[in-house]
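S.K.: Below is a structure I'd like to ask you about.
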Amino acid sequence: MPIVVDIDVMLARRKMSVGDLADRIGITPANLAVLKNGRAKAVRFTTLEALCDALDCQPGDLLRHEPDGTASGAVPTSSAPERSASPLEPGA
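Here the sequence shown is numbered in the UniProt record's numbering, starting from 1 and rising by one per residue.
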C-alpha cells in the first residue's frame with residue numbers, strides 16, 4: 001500500500017521550481033528531491049506544514065494512499081516491511 005507523493009503536481013500548478021520551494025521551506029534541493037521522489041523514510045510535521053504554507057495547499061494535496069499497483073503516474077514511496085507494533089502504542 002504505497003503512499004504517493006504529489007509535490008511535482010503542486011509545483012507545476014504553482015509554476016514553482018524545486019529550488020524556489022526548497023529555499024522557501026528551508027531545506028536543500030537534494031533533500032526536497034528525496035521527498036518528492038518518494039525515497040524519504042519519514043516526513044516531519046514541520047516540513048509538511050512548511051510545504052503546505054509555501055504551496056498554499058493541504059497535506060492531502062501532497063500525499064495520498066494508493067492500493068498496490070494502482071498509482072497513476074505519481075511517485076510512490078519506497079516499500080518498507082510492515083511492523084507488527086503500532087508506533088502509537090506505548091513501549092513500541
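Glycine residues also receive a C-beta, built at the ideal position from the N, C-alpha and C atoms.
Note that this is a predicted model, so its numbers are computed, not measured.
Would you give the residue range spanned by the alpha helix (DSSP H) that R64 belongs to?
M.R.: The count along the sequence shown starts at 1 and reaches residue 64 at position 64. Run containing R64: none in the alpha helix (DSSP H); it sits in the beta strand (DSSP E), 63–65.
S.K.: To the nearest angstrom, report how far apart P90 and K15 are at their CA atoms.
M.R.: Along the sequence shown, one-based indexing puts residue 90 at 90. Along the sequence shown, one-based indexing puts residue 15 at 15. For P90, the pLDDT reaches just 47, beneath the cut-off of 50, and the residue's location in the model is therefore unreliable, although a value from the coordinates is still provided. Roughly 44 Å separates the two Cα atoms.
S.K.: Per DSSP, which one or two residues make a beta bridge with I25?
M.R.: Position 25 of the sequence shown holds residue 25. None; I25 has no bridge partner.
S.K.: Please report the residue range of the alpha helix (DSSP H) in which V43 lies.
M.R.: Residue 43 sits at position 43 when you count from the first residue of the sequence shown. No alpha helix (DSSP H) contains V43, which DSSP labels as neither H nor E.
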